[in-house]
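Line by line, the protein sequences are chains A and B. Positions 6 to 845 (the numbering used here) are the ones given, in order, by the first sequence. Positions 59 to 343 (the numbering used here) are the ones given, in order, by the second sequence. Virtual Cβ for every residue (Gly too), placed ideally from N, Cα, C. Data block below; observations after.
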Amino acid sequence: MTATQERPSEEVEREIGRDRRRKEDQRLITGRTRWTDNLTLPGMLHLAMVRSPFAHAKIVSIDTSAAKAATNVVDVFTGPELGETLGVNINAWPITPEQVTPTHSPMPADRVAFAGEIVAVVVARTAAEARDAAELVDVEYDELPAALDLKSAAADEVLAHPDLGTNKSALWVFDSGEAGTGAPVEDAISKARADGIVIEREYRQQRLIPAFMEPRSVVVDPTGEQYVMYSATQIPHILRFALAATTGVPESKIRVIAPDVGGGFGGKLQTTPEEWIAWAVGRRLGKPVKYTETRSESLVSAHHGRDQWQKLTLAAEKDGTVTGLKVELLADLGAYVAIVGGGVPVLGAFMFNAIYKFPAYHFSVQTVLTNKTWTDAYRGAGRPEATYAIERLMDELAVEVGVDPLEIREKNWIKHEEFPFTTVAGLEYDSGNYEAATARAKEMIGYDELRAEQRRRRESGDPVQLGIGVSTFTEMCGLAPSRVLGQLDYGAGGWEHASVRMLATGKVEVVTGASAHGQGHETAFSQIVADRLGVAFEDVEILHGDTQVAPKGMDTYGSRSLVVGGEALVRAADKVIEKAKPIAAHLLEASADDLEFTGGRFSVRGTDQGMAIGEVALATFAAHNLPDGVEPSLDSDATYDPVAFNFPHGTHLCAMEVDTETGELRMRKYVCCDDIGNIINPLIVSGQVHGGLVQGIAQALWEEAVYDESGTLVSGSFVDYLLPTAADTISFDIDHTTSPSLTNTLGTKGVGEAGTIASTPAVVNAVVDAVRHFGVNDIQMPCTPERVWRAINGAGAGGSTEGAAMPHFGEAEASGTSEGGGAMGNQEQPGTSSTEGAGA
Amino acid sequence: MIPVAFDYVAPTSVEDALAALAQHGDDAKIIAGGQSLLPVLRMRLNAPEMIIDLGKIESLRGVRDDGDAIVVGAMTPHSVVGSDPLVAEHAALVAKAIEHLADAQVRHRGTFGGALAHADPAGDLGAPALALGAEFVIQGAGGTRTVAADDFFVDLFETAIGEDEILTAVRIPKRTGWGAHYEKFVRVAHQWPIVAVAATVRVDGGSIAEARIGLTNMGSTPVRARAVEDALAGQPATEDAVRAAAQQAAAGTDPPSDLNGAADYRRHLARVLTRRAVLAAAGAA
Ligand SMILES: Cc1cc2nc3c(=O)[nH]c(=O)nc-3n(C[C@H](O)[C@H](O)[C@H](O)COP(=O)(O)OP(=O)(O)OC[C@H]3O[C@@H](n4cnc5c(N)ncnc54)[C@H](O)[C@@H]3O)c2cc1C
Chain A
6 MTATQERPSE EVEREIGRDR RRKEDQRLIT GRTRWTDNLT LPGMLHLAMV
56 RSPFAHAKIV SIDTSAAKAA TNVVDVFTGP ELGETLGVNI NAWPITPEQV
106 TPTHSPMPAD RVAFAGEIVA VVVARTAAEA RDAAELVDVE YDELPAALDL
156 KSAAADEVLA HPDLGTNKSA LWVFDSGEAG TGAPVEDAIS KARADGIVIE
206 REYRQQRLIP AFMEPRSVVV DPTGEQYVMY SATQIPHILR FALAATTGVP
256 ESKIRVIAPD VGGGFGGKLQ TTPEEWIAWA VGRRLGKPVK YTETRSESLV
306 SAHHGRDQWQ KLTLAAEKDG TVTGLKVELL ADLGAYVAIV GGGVPVLGAF
356 MFNAIYKFPA YHFSVQTVLT NKTWTDAYRG AGRPEATYAI ERLMDELAVE
406 VGVDPLEIRE KNWIKHEEFP FTTVAGLEYD SGNYEAATAR AKEMIGYDEL
456 RAEQRRRRES GDPVQLGIGV STFTEMCGLA PSRVLGQLDY GAGGWEHASV
506 RMLATGKVEV VTGASAHGQG HETAFSQIVA DRLGVAFEDV EILHGDTQVA
556 PKGMDTYGSR SLVVGGEALV RAADKVIEKA KPIAAHLLEA SADDLEFTGG
606 RFSVRGTDQG MAIGEVALAT FAAHNLPDGV EPSLDSDATY DPVAFNFPHG
656 THLCAMEVDT ETGELRMRKY VCCDDIGNII NPLIVSGQVH GGLVQGIAQA
706 LWEEAVYDES GTLVSGSFVD YLLPTAADTI SFDIDHTTSP SLTNTLGTKG
756 VGEAGTIAST PAVVNAVVDA VRHFGVNDIQ MPCTPERVWR AINGAGAGGS
806 TEGAAMPHFG EAEASGTSEG GGAMGNQEQP GTSSTEGAGA
Chain B
59 MIPVAFDYVA PTSVEDALAA LAQHGDDAKI IAGGQSLLPV LRMRLNAPEM
109 IIDLGKIESL RGVRDDGDAI VVGAMTPHSV VGSDPLVAEH AALVAKAIEH
159 LADAQVRHRG TFGGALAHAD PAGDLGAPAL ALGAEFVIQG AGGTRTVAAD
209 DFFVDLFETA IGEDEILTAV RIPKRTGWGA HYEKFVRVAH QWPIVAVAAT
259 VRVDGGSIAE ARIGLTNMGS TPVRARAVED ALAGQPATED AVRAAAQQAA
309 AGTDPPSDLN GAADYRRHLA RVLTRRAVLA AAGAA
C-alpha cells in the first residue's frame, strides 16, 4: 500500500485520478510562452539553408560570392569551410556489429544523398536577407542515379552511397528456436502446409511524416561561459551528450534548453544537421544565431517514419490455433542511419506475436539505405507496424477458419489467469485482461447489431456496405530497462531522473529529466507529487527541459515519462519523507518509530501531536534545531532504471461504411477500451487517446509521403500531404478496464502511443471487412477512395496510382503555363497474397 | 516562408489600379484576398516586384440586383457571397459551392473575383460560373468589356483577363427558382475537390425542363457537361432517367492524374457525382 492510499479520505481529496485541467495550457494555448523561434538575443544573426534539389548528386562546385556580396549578409559557409567543427550526426543504435553506416556530415562536402540535404548556409542580419541570399548561392551538381524504391534498393540495383558498395545496412534476426523462447518456426510452417492453414501476406507500411505543429527551430548562443543551444527538441539531454561527443566541446561547456516545444511525435527525437550547423556557425562567428525551418523544409528534411514492406507467414491448425509466425521486413532508412534509425523496426520485433500464444516465432529485418529523407521514430515506432501486421493477419485467419474475428483472437490470446506470461519473444507481460476489455468494447459498439446490419446490407446489395474492424492490441512501452538496451547494443541507458526540492515556504520544486512537448507532464506530475507529499497541487512546480535546471535525464519518447519518470518522482518524494522523518521526530520530541506520515503530516501515533511537511521544511531551512549529524536539507534525488517494459493493451472496434460506387469511406463509430493500469489524470489520458487514434486513423486513410521517380517529395506541402482536421473525424467512445502494472509503484502503464498503435489495423480491417465479399483481402494504405474503388472492381490492393503525381503548388502556377509539375507517381505495387491449406 | 521583397500599393479606384498595372507591367501582380497568391509568393514560385492591392476599392465589393442578372463585385469575399440573399434566390448554385469551399478563415479572406481570376482547375467557383452562364466584366485602359463564361477560362491558371486588365465584377443571369446542388468529392474536408459537379435544374411538373451542369477538375479548365444537359432535357426527374443521362458526364473531358486519382477514376466519379448532383438539384435525391 502506498502512503496516499493510507490517507483518510476526508482529509484531502486525492489528486491522482482527478481530471485536472492542464496547468500549462494557459500559457501554451494563448501563446504567452517562449517557443524557440520567439527568442531574440542581442546581436543575433539569422541562418538560411541552401538545399539540394536532387536526390543524389556530386557537388561539383559551390559559388557563394554573389550571396556573400548581398545586403547584410555576414558570411556564407559550405561543408569544407566549416570542416571538423561541424561534427557528425550520429546513429546511437547500431543494430548489428556489422551494420553499414554511412558517415553523416551535417553539410556534406562532395555528394548529396537526398533531395533537401544542406550544402551551404547563409548568415545574415535578418531572416529575410538570409533567405534572399540563399537563392544567390550557385551550386553545380552532377546528378547520380538515385536508389528510390525500397525493394530495388534492397537488391543493390543502384547504390545510395556508391562508396559503401551496398545499400543493405543491417540484418537483425530474432528466432525463438535459437533464443530458446519457443520452437523453430519452419517446422510449424511445414506442418501447417501439410495439414493446417498457412496465411502468407505482404503488407506495405507507407512512409509518413511526423508533421508536428511547431516547425523545428534552433538558437545557439556562444557568448557565455557555457555555450547554449535552445532547440525545439524532445531530447535536450541526448542532444547535449551528442554535441559533446561529436563536436569536441566539453559537455560541461554545453547547456541545452528545450523551451516549450510544440509537439514532436518522435519527429523531434533526433539530432539534426540544422542544429549542428547552427552550433558550428555560432562558434565560428562568436555571435548568437537562429535558424527556423519553413514547413516545406520540415516536410522534406525532418525525419520521416514507417516505410516498410512486411512479408508475413502465419501457421495455424485447422481449428485456428496459431502454431507459428514468421516475419521478414524490409525497412527504408532513407539516406542516413538516424539516431535510432534501424532500431525502430527492432522495437517492433518483440511485438508481432502480440497478445497471442504463438509457440514458434521468427523475425528478421533488413534495413536498407535509399536516396530519400532519413527515417526514424514516429509515434509508436516499430509497434504500430507489428500491431498492424498481426491484427490484419488474425482477420485473415478468421476468414480462413470461417469464424468471427473476435473468436479467433479469443482462441489464441493469453487468458487473464495466465499472467504473468512469458511470450515467444521472451518478454514477460505482467498484467492484463483481454477478455474484460473486449467484452466492454463489444458492448460499447453494439457488436452483434452491427454484424446483423452488415448481413442485411450484403444480402440486399446495398451500395453502401458496412465493415467492422477489430484490433486487440498490446504494446511494449516505458523505454527502457538499461540492461536490455545494452543487450541490444543501444548507445545509452533507459533510466530516468527526478529531484524534489522542499522550499522554505512549503512549496515544492520538482525537477524531471523527462522533456514534455505537449503531453501535460506539468499537470500529471504535480498530481503525483501533491498526493505523495500531501501538499496542494498548486504548490508543486515541475521544472524540465534545461540541462542547467534538470542536469540528468533521458527525455521523452516511447511512452516512458510516466512509467519510468513518474517512478523516479515517487522515489525521490519518498526519500524526502524519509529525510524529514527524523527531523520531525526530533521537533515533536517523539521516536521516529512512533511517527506516521499521512495527508502531508507527521503525527505521533496515538496522540494529537503532529506537524506538516511544510513546517518540517521551514525548520530544516532555518536549521536552528536539528538532530545531531543531520544535514539541513530535505531535497532528494532518484534515478530509476525500470526492471521491465510496460504492456498496455486494449480492444478497438471500428464500424466503417463504404460507398461501393465511389470508394468513399465514412466512419460510423469508433470505440476502444484500453487497459492502461491506474490513471493519474483521465482528461489527459482522453487527450492522448483521441490524438493517438486520429494519428493512427490518418495512416490508414490519409497520410503518405510520395516521391516521384526522380526522388522529389511530391507530397511536399499540406495541400498534398493530407493531415486530417477535426472536420474529418468523429467523436470516439473511449473507456478503460484496469489491470494495474505490477512493475511500478503507481500501477500505471503508458498511453502516449496506444491510440496510434491500435487504430490503424482496426480501420483497415473495417474497410476490408466491408468489401471482402467482392473478393478483396487487402487494400494498401492509405486506403484512398480510389484504391478502395479499384479493389472492389478487382484490381487487387489498389496499390498503383497511375500517371502524374503533381503537387498542387506546381510549376504551372508559378509560370502560368500549362506544363505540369512533377513526373511520375507512386509506382509501388501491392504485394502478392496467397492463402494455402484447409479452411472453411 | 518569406517571399522575395516587393513594393506595395493600395489604390482606391479601379483607374488608379489600372494606372499602376500599366506602369509596372510584367513586374506587377494584383492581390485580392491573397489566399492563392500568398502561398505562391511564400514558396517563391513567383516573385513580382510590385503588389497592387484591390482591397481599398469600395466599388469592387458587394452584390447588387441588375434586372435580369445579379452582379457580384470582384472583391466580395466568399463568406459574403455565400450568405447573400440575392445569391440565394437567383444563383443558388454559387451559394451551394461556397458552402464547401476551403475553411472559414479562407472564405473570409478569399474573394469571388480572385478565385475566378486565379482559374485553378480545382477551384470550386469556375464550374458554377460556367453552368450559370456568368459574364465577366473586365476593365482595362481602353474601357470595359464583357466576356462570356465559355470564353473566360483559357487554360490552367489562365483566363481571358489581359495582363493590363482587372476583373471588376461577374454578372450572373438570374435563374430564380432553379434547384441547385454542388457535389464535391474530397478525401479531407479542407481539400480542393478531386472532382466536383455543379448542377442547376429547372423542374417543371416532375420533369427536368432545363439543366445546366459544370464539372470541376475534369480538365485544365472547368467544363460544361453538355451531353448530359441535352440528354436530361424533358426527362422525368427520376433516378433511372438521370442515371442514364449522367453516363455521358465524362464525354469530352480530359481529367488529370495525380495523388488523389487517375483520370479513369475521375471520369467514373464524374458520372456518379453528376447523377447525385442532378437528383439533389431536382429535389429527388
Ligand atoms: C487553405 C486553403 C484552402 C483552399 N481551398 C479551396 C477550395 O477548396 N476551393 C477553392 O475553390 N479554393 C480554395 N482555396 C483558394 C481560395 O478560394 C482563394 O481565395 C482563391 O482561389 C483566390 O482568391 P483571392 O481573393 O484570395 O485571390 P488572390 O490570391 O489575391 O489572387 C489570386 C490570383 O488572381 C489574381 N487576381 C485576383 N483578383 C483579381 C482581379 N480582380 N482581376 C485580375 N486578377 C486578379 C491575382 O493576381 C492572383 O494571380 C483555398 C485557399 C487556401 C489558402
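Item                                                                                                                             : Value
At least three beta-carbon pairs within less than 8 Å, the segment 140 to 159 of chain B to the segment 181 to 195 of chain B    : yes
Proximal residues, the segment 290 to 301 of chain A versus chain B, C-beta separation under 9 Å                                 : Thr-299, Arg-300 and Ser-301
Closer than 7 Å: Ile-89(B) CB and nearest ligand 1 heavy atom                                                                    : yes
Contact between the segment 381 to 400 of chain A and the segment 312 to 330 of chain A (3+ Cβ pairs under 8 Å)                  : yes
Distance between beta carbons of Ala-521(A) and His-549(A), contact taken as under 8 Å                                           : 6 Å
Length at least 3, wholly inside the segment 72 to 157 of chain A: the beta strand (DSSP E) runs in chain order                  : 78 to 83, 123 to 129 and 143 to 148
Which of helix, strand or coil DSSP assigns to His-421(A)                                                                        : helix
Selected residue, minimal CA-CA separation from Glu-527(A), among Lys-584(A), Leu-538(A) and Val-515(A)                          : Val-515(A)
3 or more residues per run - each beta strand (DSSP E) lying fully within the segment 255 to 318 of chain B                      : 265 to 274
Any non-hydrogen atom of ligand 1 closer than 7 Å to Gln-81(B) Cβ                                                                : no
Rounded separation between Gly-611(A) and Ala-595(A) - CA only                                                                   : 12 Å
Where Ser-720(A) meets chain B, residues with beta-carbon distance less than 8 Å                                                 : Leu-317
Ligand 3 heavy atom lying under 7 Å from the CB of Ala-227(B)                                                                    : Questions concerning ligand 3 fall outside what the structure shown contains, since the ligands it does hold are ligand 1.
8 Å Cβ cutoff, Val-224(A) in contact with chain B                                                                                : no
C-alpha distance - Glu-145(A) paired with Ala-336(A), whole-angstrom precision                                                   : 32 Å
Proximity below 8 Å, CB of Ala-236(A) to CB of Leu-248(A)                                                                        : It is Ser, not Ala, that sits at residue 236(A) in the sequence shown. No, they are not a contact pair.
Contact set between the segment 238 to 250 of chain B and chain A, restricted to residues whose Cβ is under 8 Å from the partner : Phe-243, Arg-245, Val-246, Ala-247, His-248, Gln-249 and Trp-250
Under the three-state DSSP convention, the category Asn-651(A) falls into                                                        : strand
Per-residue contacts from Tyr-323(B) into chain A (C-beta, under 7 Å)                                                            : Glu-791 and Trp-794
Rounded separation between Ala-188(A) and Ala-365(A) - CA only                                                                   : 5 Å
Whole-angstrom distance between Thr-428(A) and Thr-748(A), CA atom to CA atom                                                    : 17 Å
Ala-320(B) at chain A interface by Cβ criterion, 8 Å                                                                             : yes
Near-chain A residues of the segment 257 to 283 of chain B - C-beta to any C-beta below 8 Å                                      : Ser-278
Cα-Cα separation between Gly-437(A) and Glu-662(A), rounded to whole angstroms                                                   : 32 Å
Distance cut-off 7 Å: Leu-331(B) Cβ against heavy atoms of ligand 1                                                              : no
7 Å Cβ cut-off: residues of chain B touching Val-729(A)                                                                          : The sequence given here places Pro at residue 729(A); Val does not occur at that position. In chain order: Val-246.
Between the CA atoms of Asp-579(A) and Arg-130(A) - distance to the nearest angstrom                                             : 52 Å
Chain A contacts from the segment 88 to 115 of chain B (Cβ-Cβ distance under 7 Å)                                                : Pro-97, Val-98, Met-101, Leu-103 and Asn-104
Simplified DSSP state of Val-408(A), which is helix, strand or coil                                                              : coil
heavy atom of ligand 1 below 7 Å from Asp-168(A) C-beta                                                                          : no
Three-state class that DSSP yields for Ile-450(A) in the structure shown                                                         : helix
Cβ-Cβ distance between Ala-180(B) and Asn-275(B) below 8 Å                                                                       : yes
For His-591(A), the first and last residue of its enclosing alpha helix (DSSP H)                                                 : 572 to 593
Buried versus exposed, by CB contacts within 10 Å (16 or more), Arg-122(B)                                                       : exposed
Anticipated Cβ contact below 8 Å, Tyr-712(A) with Lys-377(A), distance rounded                                                   : 6 Å
Within chain B, the residues that Ala-732(A) reaches when beta carbons sit closer than 9 Å                                       : Asp-161, Val-246, Ala-247 and His-248
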